[in-house]
Amino acid sequence: MRPTLSAGALLAFTAATAPAQTGTAIYRDAAAVHPVVGYGGMVATQDAHATRAAAGVLAEGGNAVDAAVTAGFALAVTLPRAGNIGGGGFMLVHLAAPEGPRQVAIDYREKAPKAAHRDMFLDERGNPVAELSRTTHLAAGVPGTVRGLALALEKYGTVPLARALAPAIALAEDGFPVGEDLHDSLRFYADEFESAPEAMGIFFGPGGEVPPVGALLVQKDLAASLRKIAEGGPDAFYRGSIASAIADDMAAHGGLITREDLEAYRPVLRRPVTGSYRGLRVVSMPPPSSGGVHLVQMLNILERFPVEQYGHNSADAVHVTAEAMRLAYADRSRYLGDPDFADVPVASLTSKKYGRELAAKIDPEHATPSLEVAPGLDPMERYESNETTHFSVIDRWGNAVSNTYTLNFSYGSKLVVPGTGILLNNEMDDFSAKPGVPNAYGLIGGRRNAVEPEKRMLSSMTPTLIFREDGSIVATGSPGGSRIINIVLQMVCNLADHGMNVAEATHAPRFHHQWFPDQIRVERGFSPDTIKLLAARGHKVVLAPAIGSTQTVSYSGGIFYGSSDPRRRGALTLGLPPFTPDEAPAPAAKTPDDEEAERPKERGDELEE
Ligand code: GLY
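If you use this note's numbering, the sequence shown corresponds to residues -7 to 601, in order.
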């Protein structure tokens, strides 16, 4: 089957505003859900305060990187369950002319401290102790967010760090009204905060009350930390008094992060993973995220099947997609890890040839039991949580940012470094404490993701950019733990195969398979008939809670379209009004040079039998 550009792909980005057409009629009002429309740039984040802060920077003439960094710091205040300065993440930047077009990936994932070791989360009998990697000071990786966002701004932005931090400082200092989403989340996690008195004192009332909707959440310590960073740059966090506070807290509670670990932390510029799907160019995050590799791998498999003809969420489409997911997640466990420590066969996994080989293994009529895909591993079912957050920005010059970052669990370990207002991540749980045993997302890790000093833990975060030959761009991504890769996969297929606009692609019901547990998890909205057809092919289908929360913006034909996922409250997509041409000289990024971006390793790119 030769890859072709489907009618859906041609129309997907423009469906919302295309004039009436004959043939495959797409009318402005044919859209089941309409995207937000803008003319001078667009921002989508999980929180309205952060979106407004970022849009304000765009309105002043800042570029997409300026706006994204502003959103990143604001979310650390207003979306404390995932926005952070005590965690890490991944930013994908697309630079339009005059510096581009080109893309670079900024890896600001946390690292294991130097004193970390392979068996640090095992008991004396060699069994993993989940609490150690989730709720203690040992759970924290060395945070990457502050250096990561500062690097993005320094290399590709135009405004000073203090400008990007100003809205975050004001939101922390003056407070903001608690919204329904934050209220519900604090209520849900209240019990877990009981063993974290510093955080309890910030997010709850004096008697441990959950703040009511509308109450002002003021975070004076966090405001002071952010101000120190605005004045002293990232060194304030990694060398100054914040570093001392983190190291002292660690030393007092059996944690491993030292001042030396903090001083040594550096983000890495990496070459993104790239692929194509039915004529679209897909650019995504390379290892240590598994997101881009498996997104491209699954698209290469699906390109061998007439997914458009099958129809959106038909039994045929769900079957082949779930089989592709099963194969990809098995490879994730086998091959993925930090590329600075292990040879990760990125080129092989993302090759069209391998996609063809895997597609040939898929039986169109029968599900393949996961145990047959990778025999010998013990399936264990674990809960999947919904943390992490994504934001997307495109500016009026066509620069784009797709950024996903996280504390791992909601509010990370829930431990706040005393006097700083900074929540600590529990990202160490993303290592495989013991190869073959699932982490909190039910993901089974292999030896390449074992704990090692200064190593980055494997991630599923999948910030992604999609390009069409006519210059259209989509920036998308999602939270959702292990489900993130599959969420982004379905965004791409909804746009490319099924002719949806970005809002329809966002709203459409989602499903998920991750090899183990061997089941397809479906959101509400799948027909019982479809579920019966899938069961007849041997799939176990279970109803799941909402999957993910994408924040997507796109640019096509001079118009911006965007959509914040309705699955969670509080998100906002804002489009900017048009600019007059003389208001819009393209600002030069300060140091537009990604030559230092690391090339994927040539060595070790063979897939083992
Ligand atoms: N902590 C979730 C991820 O990085 O995928």
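Glycine is no exception: its CB is placed at the ideal position from the N, C-alpha and C atoms.
Cβ-heavy atom distance, residue i to the ligand GLY, below 8 Å
| i | result |
| --- | --- |
| ASN391 | no |
| GLY473 | yes |
| SER451 | yes |
| SER602 | The chain is shown from -7 up to 601; residue 602 falls before or after that span and cannot be answered. |
| ASP422 | yes |
| ASN441 | no |
| ASN76 | no |
| ASN478 | no |
| ASN395 | no |
| ASN400 | yes |
| GLU255 | no |
| THR127 | no |
| THR468 | no |
| THR456 | no |
| THR137 | no |
| THR380 | yes |
| GLU419 | yes |
Beta-carbon proximity list for residue i, same chain, < 7 Å, skipping 5 on both sides
| i | result |
| --- | --- |
| GLY596 | In this prediction, GLY596 has a pLDDT of 46, which is less than 50 and means its spatial position is unreliable; what the coordinates show is noted afterwards. So the qualifying residues of the chain are ASP335 and PRO337. |
| ALA88 | TRP389, GLY390 and ASN391 |
| VAL134 | GLU102, LYS103, PRO105, ILE249, ASP253, LEU254 and TYR257 |
| ARG139 | TYR100, PRO226, TYR230, TYR257, ARG258 and PRO259 |
| GLN211 | VAL69, ALA164, ILE194 and GLY413 |
| PHE333 | GLU444 and LYS447 |
| PRO570 | TYR31 and GLY32 |
| VAL61 | LEU141, ALA144, LEU145, GLY149 and ALA156 |
| MET427 | Reading the sequence as shown, one finds Pro at residue 427 and not Met. If we look at PRO427 and ignore the five residues flanking it on each side, its Cβ neighbours are GLY437, GLY438, ARG439 and ALA442. |
| GLU588 | Unreliable placement is indicated for GLU588, whose pLDDT of 48 sits below 50; no coordinate value is reported for it. |
| ASP308 | TYR302 |
Beta-carbon separation (whole angstroms), residue i vs residue j, contact threshold 8 Å
| i | j | result |
| --- | --- | --- |
| LEU312 | ILE354 | With the sequence shown as reference, residue 312 is identified as Val, and Leu is not the correct amino acid for it. Between ILE354 and VAL312 the Cβ distance is about 6 Å, and since that is below 8 Å, they are a contact. |
| MET192 | GLY200 | 6 Å |
| ALA160 | PHE65 | 4 Å |
| VAL466 | LEU487 | 7 Å |
| ALA228 | ARG251 | Between ARG251 and ALA228 the Cβ distance is about 13 Å, and since that is not below 8 Å, they are no contact. |
| SER402 | ALA74 | 7 Å |
Contact set for residue i: own chain, Cβ-Cβ below 8 Å, skip 5 residues either direction
| i | result |
| --- | --- |
| GLY246 | THR128, HIS129 and LEU130 |
| PHE168 | HIS41, VAL69, THR70, LEU208 and LEU209 |
| VAL534 | GLN511, ILE512, ARG513 and VAL514 |
| ALA59 | GLY33, VAL35, ALA46, ALA47, VAL49, LEU50, VAL385, ASP387 and VAL393 |
| LYS406 | THR127, TYR181, GLU184, PHE185, SER187, ALA188, ALA191 and LEU415 |
| PRO120 | PHE113, LEU114, ALA425, LYS426 and VAL429 |
| GLY550 | TYR31 |
| PRO501 | ASN305, VAL514, GLU515, ARG516, GLY517 and PHE518 |
Own chain residues within Cβ distance below 6 Å of residue i, not counting five before or after
| i | result |
| --- | --- |
| LEU602 | Outside the shown range of the chain (-7 to 601) lies residue 602, about which nothing can therefore be said. |
| GLN95 | HIS86, PRO264 and VAL275 |
| ALA314 | HIS505 and ILE512 |
| ARG126 | ASN418 and ASP421 |
| ALA107 | LEU248 |
| ASN55 | THR150, ASP387, ASN391 and PRO579 |
| GLN13 | Low confidence applies here, because GLN13 scores a pLDDT of 36, under 50, leaving its location unreliable; read the following figure in that light. Within the same chain, GLN13 has no close Cβ partners at all. |
| LYS531 | Here the sequence assigns His to residue 531, which means Lys is not the residue at that position. The residues are ALA359 and ILE512. |
| ARG561 | GLU172 and ASP173 |
| ALA63 | THR37, ALA42, ALA46 and PHE383 |
| ARG110 | ALA442 and VAL443 |
| TYR375 | In this predicted model, TYR375 has a pLDDT of only 43, less than 50, meaning its place in the structure is not dependable enough to derive any value. |
| SER281 | PHE82, SER451 and MET453 |
| ASP370 | Note that ASP370 scores 45 on pLDDT, short of 50, meaning its location in the model is unreliable and no value can be drawn from it. |
Residue i CB to nearest heavy atom of the ligand NAP below 8 Å
| i | result |
| --- | --- |
| PHE297 | Here the bound small molecules are the ligand GLY; the ligand NAP is not part of this structure. |
*Specify whether the region 496 to 509 and the region 315 to 324 touch according to this definition: at least 3 beta carbon pairs, one from each stretch, less than 8 Å apart.*
As far as the Cβ criterion goes, the region 496 to 509 touches the region 315 to 324, which means the pair count is three or higher.
_Completely contained alpha helix (DSSP H) runs for the region 271 to 349, where each covers 4 or more residues_ = 283 to 294, 299 to 302, 307 to 327 and 338 to 341
*asked:* For a minimum of 4 consecutive residues, which ranges assigned as the alpha helix (DSSP H) are wholly contained in the region 404 to 473?
replied: Here no run is fully enclosed.
*asked:* With a threshold of 8 Å, are at least 3 pairs of Cβ atoms found where one atom belongs to the region 23 to 40 and the other to the region 525 to 539?
replied: no
*When the Cβ atoms of the region 450 to 465 are set against those of the region 475 to 482, are three or more pairs found closer than 8 Å?*
Taking 8 Å as the limit for Cβ pairs, the verdict is that the region 475 to 482 does touch the region 450 to 465.
*What are the complete alpha helix (DSSP H) segments, minimum 4 residues, inside the region 54 to 133?*
56 to 70
*What alpha helix (DSSP H) runs, 4 residues minimum, are completely inside the region 181 to 233?*
189 to 195, 212 to 224 and 227 to 230
*Entirely enclosed beta strand (DSSP E) segments - the region 507 to 578, minimum 3 residues*: Entirely contained in the region 507 to 578, the beta strand (DSSP E) runs reaching 3 residues are, in chain order, 512 to 514, 533 to 535, 543 to 548, 551 to 556 and 564 to 567.
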